[in-house]
């Protein structure tokens, strides 16, 4: 072998190595983003847990006839808080149940005009609406990031060694069956 | 959706586009157009470098002459200088006559003529970048009396929440919100990067939009921050600021204004407090000064040569004679700045910025998944926009163009306005005749005709019509929520026409008052700054069309494509003239540049000889 062939082989190897490093790093960056997005959902769920006692306290006086609705919300919250350290599936179920109980509460609250006139309740309701939105948007962001991550892994030629590097497809945060059922109940 | 608009039904399937596709398309366009903008900047740099370089040589020569009074420079220095000059002459000959004797000498000559000026310009640009980096873009808006949103007020809490939601949807740190208590409805994103971005919102925006629309509007701004528009805006403005700085540096020996500007910049660079709001404001004020000094308006140097306003004296004539070549240089620089920026730089940058707006719109749809919210927000803001105080120098950062006219008349808004006038007209009639029958459903065109007819009758002296118009005026004032004095008074106008001095005075007072309320806000809008950014906004119609393709339900006015025919015919007719004018202007610039070169060369030779003569005697 002459010197030139050696140099050519060395150059090709160097280019390949750099490319490998770049691919690996981009995949790692995408994975970190996915993990971050997941943590963001967590933050918003926690925020919702913290807000609910305030809401229940504020509306209790006006909704004396709706004890069951209020209790359902409180119970669902307790369960959701308890499941914070459980499996993802458990959690998703508890949180969806909480969403359902809350939307139920809002639907019932519509029947109390004097409640809708109270400024502090309006503010609380806006905060809860916003929290629901935040959870939805955090979920949307998470799903977008998962899509990017999964697409990056699945496209040629990265699909050849994404598994070799130890990357696996992330799962989307889909709306749970229970949540869908709740939405239908509300209608 | 009301049925008053004359929207043509869409025929056939719409060409849909997903927001991801739209984003990709606009990102590609950004790359293309930034290349064009960079090329335009370089092309503009050539005549500038050609005019600045001789000035540098002149300064260097004078310094060398002065130094050699005390410490004679070695003869080899003068030899090298001569050689350089010879190369320059080769390049000039090539420029003038088109004959290239020796390509190597030509290249060297070009380098001799271009490099020093180019290096100076690039150096100034880097300096401007380093200096204003802290301030970012839109620092002027910081000077406003902005406040944080009040969390215990529903609308403002909503604003804070929506910004948080959009930041979450975009995966960005939440930008700070600044609320301005201005009636105009608009919003802007300012700052240097996603980490220190702020969103400026006027209180009028909150009154105008519902939650979905607010979400769309803020999604546009957050997406714009996330797409890195702040950095692009900073680059775009830095080019204009560099031009201004160049003019200021050249004018510095001649006038107080330029020296003041320069001193302010130096002081800021040396002692400016870092990372404080005042420093950002100061930077914005200086940026405004610089952009203005790049304009064509009169300058320090013109004052020096303005002999009519000064006493004649021998000293002044000598000075005028000595400085005469600089005048040509200044003119050449200003002319080429003006010409190239208006023919190439501003259009390419405006197009680039429009693409960024479309991109932000598409990204906003990605964030909200609700194109209707943004579309409806844009439509509402377009029909009710107004100047935001202090917004002139950051006009391009706003959601919709805060100043300037948009060609699209909003059919909905017009119809709504006419409806309102018709109702007021009917109401004022009912109150006058006090009959209880409800007014007929207003037939808009005929009512508008009736109003104008009564108005002209009143002007002609019909007392009945005048009484009618007075009642109308009162009703309109109550409908608009203003006091009667704020409405124009037809009786006064009629009386003034017949020579009533008191009425005339009242009219003048009225005019002054209404101007006063407006000019307080729009003083900075009318200055030449905002016109720079007039073309930086895509028209509402095009934005709506693109949103429509991403799934928004907007009613688009169809113009039947007639305007295209008119434009095509006009461009065919006027095209040759425009080309001729362009060629003439280019020729004029070339003449100016050559004149500046020639005069400066003669001037340099003269001063050099003067020194030699002085030294030898």
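Residue numbers (my numbering), protein chains in the order written: chain W, 1 to 187; chain Y, 1001 to 1617. C-beta atoms are modelled at their ideal positions from N, C-alpha and C, and glycine is treated no differently.
Pull up the DSSP beta-bridge partners for residue 1398 of chain Y, would you.
Y:1188
Would a check of beta-carbon distances place residue 1152 of chain Y closer than 8 Å to chain W?
yes
Closest Cα partner of residue 1339 of chain Y within the set Y:1047, Y:1571, Y:1178 and Y:1123:
Y:1047
Measure from the C-beta of residue 46 of chain W to each C-beta in chain Y and report whether the shortest distance is under 8 Å.
no
Please report the straight-line C-alpha distance between residue 1184 of chain Y and residue 1455 of chain Y, rounded to a whole angstrom.
30 Å
Would DSSP call residue 1407 of chain Y helix, strand or coil?
Below a pLDDT of 50, predicted positions are generally treated as unreliable, and residue 1407 of chain Y, at 36, falls in that range; no measurement from the model is reported.
May I ask you to verify whether the stretch 1155-1173 of chain Y touches the stretch 122-135 of chain W, counting CB pairs closer than 8 Å and requiring at least 3?
yes
Taking 8 Å as the threshold (C-beta atoms), are residue 162 of chain W and residue 27 of chain W in contact?
yes
Can you list, in chain order, the residues of its chain whose CB lies under 7 Å from that of residue 1017 of chain Y, leaving out five sequence neighbours each side?
1549 and 1550
Let's test the definition: count the other Cβ atoms within 10 Å of the Cβ of residue 166 of chain W and tell me whether it reaches 16, buried, or not, exposed.
exposed
Would you tell me roughly how many angstroms separate the C-alpha atoms of residue 947 of chain Y and residue 17 of chain W, rounded to the nearest one?
With chain Y running from 1001 to 1617 in the structure shown, residue 947 of chain Y is simply not present.
Rounded straight-line distance, which links the Cα of residue 1285 of chain Y to that of residue 1067 of chain Y
39 Å
Any C-beta of chain Y sitting closer than 8 Å to the C-beta of residue 173 of chain W?
no
Residue 1070 of chain Y versus residue 1062 of chain Y: straight-line alpha-carbon distance, rounded
13 Å
Taking just the CA atoms, how far does residue 1398 of chain Y sit from residue 1218 of chain Y?
11 Å
Quick check: the Cα distance between residue 1119 of chain Y and residue 1125 of chain Y, rounded to an integer number of angstroms?
10 Å
For residue 1466 of chain Y, the three-state DSSP class (helix, strand or coil):
helix
Quick one: measure Cβ to Cβ for residue 1364 of chain Y and residue 1220 of chain Y, integer angstroms, because I've assumed they're closer than 8 Å.
4 Å
Using a beta-carbon distance below 8 Å, is residue 1607 of chain Y in contact with chain W?
no
Beta-carbon separation of residue 1147 of chain Y and residue 1361 of chain Y under 8 Å?
no
Would residue 1332 of chain Y be called buried (16 or more neighbouring beta carbons within 10 Å of its own) or exposed?
buried
Can you pull the chain W residues whose beta carbon is under 7 Å from the beta carbon of residue 1169 of chain Y, in chain order?
137, 140 and 141
The stretch 56-64 of chain W / the stretch 78-94 of chain W touching (three or more Cβ pairs under 8 Å)
no
Residue 1290 of chain Y to residue 9 of chain W, Cα distance in whole Å?
56 Å
Give the interface partners of residue 1212 of chain Y over in chain W, defined as CB-CB distance under 9 Å, in chain order.
Ordered by position in chain W, no residue passes the 9 Å Cβ test against residue 1212 of chain Y, which lies about 11 Å from the chain.
Alpha carbon of residue 1029 of chain Y to alpha carbon of residue 1022 of chain Y, nearest angstrom
11 Å
Leaving out five residues on either side along the sequence, give the residues of the same chain with a beta carbon under 7 Å from the beta carbon of residue 1322 of chain Y.
none
Count the other CB atoms within 10 Å of the CB of residue 1031 of chain Y; is the residue buried (16 or more) or exposed (fewer)?
exposed
Could you give the first and the last residue of the continuous beta strand (DSSP E) run that contains residue 1179 of chain Y?
1176-1180
CA-to-CA distance, residue 152 of chain W to residue 20 of chain W, given in whole angstroms:
14 Å
Cβ closer than 9 Å: which chain Y residues qualify as neighbours of residue 130 of chain W?
1157, 1158, 1160, 1161, 1162, 1164 and 1165
I need the straight-line Cα distance from residue 1287 of chain Y to residue 1324 of chain Y, nearest angstrom please.
30 Å
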